[in-house]
Amino acid sequence: MSVLLAFAAAFLFASGTYLLLQRRLSRILIGVGLIGHGSNIMLLISGTGSGIAPIIGTGDPADFSDPLPHALALTSIVITFGVTAFLLALAYRSWRITHDDVVEDDVEDRYIARRRDRDQMIVEEELAEREQARDEDRP
Amino acid sequence: MNALVAVPVIVPLIGTSLTVLTAPWRWAQRVVSLLALSINVVVSIVLLMSVDDDEMLVMQAGGWKVPLGISLVVDRLSAVMLVVSSLMLVSVLVYAIGQGAEESRYAGFNPAYLVLSAGVSASFVTGDLFNLFVAFEMMLVASYVLLTLGGRPGQVRSGMSYVVISLVASTFFITALALIYSATGTVNMAELSQRIPELSDGVRTGFSLLFILVFGIKAGLFPLFFWLPDSYPTAPGAITAVFAGLLTKVGVYAIIRSQTLLFPPDSQQGAFLLVLAGFTMVVGVLGAIAQDDLRRMLSFHIISHIGYMIFGLALFSLAGVAGAVFYVVHHIVVKTALFLVAGLVERRAGSDRLSRVGGLVRSAPVIAVLFALPALSIVGIPPFSGFVGKFALVGAGIESDEWAMVAVSLLVSALTMYVMVRIWAGVFWGEPEDPAITAWMASDDSRVPHLMTASTTAVVAMSVALMVFAGPVYGYAQRTAEDLLAPDRYVDIVIGDEG
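Residue numbers (this note's numbering), protein chains in the order written: chain W, 361 to 499; chain F, 846 to 1344.
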């Protein structure tokens, strides 16, 4: 059972990573969700294995399944749920603003990249002028 | 006394619910938030004093003993982080109230801010790895809200990448927790400290690297820093100061705590962390040189200085760790001060682009002084606190024969000087390059509210106080380093506690 779940986690991680690397926001969102599920499954199988429900009075404590991973997985599911909801709201807002769900470049980065191009151009012009001046100096 | 440990987490959370109830009345929200954060300051100082003369304080939440319950622990490192962070949180809140921007426009500001402070305190006091995850999430969820408050296009764009990257980091954290629980059967840090040495070498190294990855994303370590300079500058002015001062340092705290407490000396990643620290310093400062926007320059600059803290830790010597602790404290105060000043510049000049603003040294001499003091300190000019921190780190590096890192850190200091000189020349000297700026500065809108100047002055005064009291603070940092490098006492007290 654990092996099967481990494979399921691996599969979720793999497909989540693929989706996360896409340019479309909707795919990134699904990717984040899948990776989140993968890690929750990891938490679930981190305990000692299967057993009966760990409620005092229902059986021998030796047969209980380990309750801590369940509690941890539950906490993490709730947190992932909340954050995903926030992310969806943000994605909706982004769609309302741009009418597109492609992740944009950073404006300031572009500005700096343009400055580099401009510097390059100035250097090239300068070099061309010097070249010309040298040619004219030659007898 | 031990019950006080929970106060820095509980009081802001009670404050959150009260500020939600009083949402229609902004004055009531302000009273509640200021009161809650001031209680935090007082309690943190009391905790610091009692931890420093006596022993660390431990509280087992709900009275459940170690393997079952959640331990809350305050040792010297947690206590000093609590004091500095609570002081910054109060000052920045006052600044935000004075600014009259996001804080007065949105009823959600105060509740989110209090959740953030509860999350920051909870990360410092927790003695349980899963609870550290919950504390991180508290802090991060509040920071998502604060970052995107207003929903302007730029904020939504950078908020998006910030949320996605944090979410991925959190998932890695959960995965690390799942692996560590299946290997050791506990998530209590004190118990982990006993059980991790029993694991095989490869597994231990793997965990150690996994934690550096998880916390490195939060701290902005090379090569995981790329999200930071993109998202921080778009946050509302006052909020950037808190993010810059505190959030990355929570990541650094987690790296220091996990490396020193959880892993025995033979699986601490000293050499690897040194390389990372070197790259972090150099890349951060080179990024800052290329920028034109004041807040982006300072954001890149945070990364560079995270490198110094990790450099100190990576030596794993008494002097190195003491230097790192001192540097963290110094950097929180000074960086917050610089970002608050950036907010003042933006208010006074209407922009924070170096290529547009100019001449503030004549038109706003107070802002110039408020910038100069922390800027000189961050460069490391004697006698400021940055000098003490860098001197301690470089001394520790020489003691451990890490000459390459000593050279890198000195070079980066010189480049930091260049960055600060560029800001000074661009913003404070000369004349405004843009006629629109001159027009703005003549108008009434450019008057800086007194509350903003006052709270910035308070933070700058704290950075000066760090210089004046550098001796006692460094002594405290040394005692902290002794505790950190001998984690057995931590383990004994947490596990042996009958609370």
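Beta carbons are placed, not taken as given, at the ideal position from N, Cα and C, and that holds for glycine. Since this is a predicted model, take the numbers as computed values, not measurements.
Would residue i pass as an interface residue toward chain W - the criterion being a Cβ-Cβ separation below 8 Å?
i	result
E1343(F)	With a pLDDT of only 46 at E1343(F), under the threshold of 50, the placement of this residue in the model should not be trusted, and no figure is reported.
F1052(F)	no
M1142(F)	no
T993(F)	yes
A1089(F)	no
M1034(F)	no
Y989(F)	yes
T861(F)	no
L1329(F)	no
A1099(F)	no
Please decide whether residue i counts as near chain F, where near means a Cβ-Cβ distance under 8 Å.
i	result
V392(W)	yes
G417(W)	no
R453(W)	yes
L381(W)	no
I395(W)	yes
L447(W)	yes
I412(W)	no
S425(W)	no
I439(W)	yes
S375(W)	no
Thinking just about the alpha-carbon of each residue, which of the options is nearest to the one in residue i?
i	options	result
L448(W)	P1042(F), S1300(F), S1006(F)	S1006(F)
A1169(F)	A1014(F), A1326(F), R871(F)	A1326(F)
P998(F)	H459(W), E485(W), S454(W), E489(W)	S454(W)
N955(F)	D920(F), K910(F), L922(F), P857(F)	P857(F)
M894(F)	V925(F), G907(F), L879(F), G908(F)	V925(F)
A967(F)	V939(F), M904(F), V1309(F), G945(F)	M904(F)
L961(F)	Y1098(F), L1092(F), I1010(F)	L1092(F)
G1271(F)	Y989(F), V865(F), V1206(F)	V1206(F)
R1049(F)	A1080(F), L992(F), I1148(F), S1103(F)	S1103(F)
A1363(F)	S1222(F), E1278(F), E1276(F)	No answer is possible for residue 1363(F): it lies beyond the span of chain F, which begins at 846 and ends at 1344.
G1051(F)	Q1113(F), V1224(F), V1211(F), G1203(F)	Q1113(F)
R1140(F)	L1158(F), F1161(F), E1191(F)	E1191(F)
G1275(F)	L1199(F), A868(F), T1298(F)	L1199(F)
V876(F)	I1338(F), S1038(F), L959(F), P1074(F)	L959(F)
A369(W)	G396(W), S386(W), P414(W)	G396(W)
V1211(F)	A1023(F), F1273(F), Y1172(F), K1235(F)	F1273(F)
H459(W)	L385(W), L365(W), F373(W), L364(W)	L385(W)
Mind pulling the chain W residues with CB within less than 7 Å of residue i?
i	result
F1056(F)	Residues of chain W passing the Cβ test: none, with the nearest at roughly 15 Å.
L1118(F)	By Cβ distance, chain W contributes nothing, its closest Cβ being about 25 Å from L1118(F), past 7 Å.
F975(F)	L432
Y1077(F)	Here the premise fails: no neighbours, minimum Cβ distance about 12 Å.
T1029(F)	Going along chain W, no residue has its Cβ under 7 Å from T1029(F), so there is no contact; the nearest lies around 10 Å.
A1135(F)	I472
Between residue i and residue j, is the Cβ-Cβ spacing less than 8 Å?
i	j	result
V823(F)	A1035(F)	With chain F represented from 846 up to 1344, any question about residue 823(F) goes unanswered, as that position is not in the structure.
G1195(F)	I1282(F)	yes
A1099(F)	L977(F)	yes
V1095(F)	A1182(F)	no
D1328(F)	R921(F)	yes
L1238(F)	I1151(F)	no
V438(W)	V1009(F)	no
S930(F)	I1268(F)	no
V1266(F)	P1219(F)	no
Under 7 Å between beta-carbons, which chain F residues line up against residue i? List them in chain order, please.
i	result
P429(W)	Y1026
T435(W)	V979
R384(W)	What R384(W) touches in chain F: nothing, since even the nearest Cβ is about 12 Å away.
I313(W)	The question about residue 313(W) has no answer, for chain W in this structure spans 361 to 499.
So residue i contacts chain F; which residues on that side make the cut at Cβ distance below 8 Å?
i	result
V363(W)	Going along chain F, no residue has its Cβ under 8 Å from V363(W), so there is no contact; the nearest lies around 13 Å.
I388(W)	V1009
M402(W)	I1019, T1020, A1023, L1024
Output, in chain order, the set of chain W residues within a Cβ distance shorter than 8 Å of residue i.
i	result
P1332(F)	What P1332(F) touches in chain W: nothing, since even the nearest Cβ is about 23 Å away.
I890(F)	Here the premise fails: no neighbours, minimum Cβ distance about 32 Å.
G1004(F)	L450
Does the ligand GDP have even one heavy atom less than 7 Å from the beta-carbon of residue i?
i	result
R997(F)	No copy of the ligand GDP appears in this structure; indeed no ligand is present at all.
List the residues of chain F that residue i touches, going by C-beta distances under 9 Å, in chain order.
i	result
V443(W)	E982, L985, V986, Y989, V1008, S1011, L1012, S1015
Curious, which full-length alpha helix (DSSP H) runs of at least 4 residues does the stretch 1091-1174 of chain F contain?
1093-1102, 1115-1135, 1139-1160
Enumerated in chain order, which unbroken segments of the alpha helix (DSSP H) with a length of 4 residues or greater are wholly contained in the stretch 1189-1264 of chain F?
You should have 1205-1208, 1210-1224, 1230-1244.
At 4 residues or longer, and completely inside the stretch 1000-1074 of chain F: list those alpha helix (DSSP H) runs for me, N to C.
1034-1040, 1046-1064
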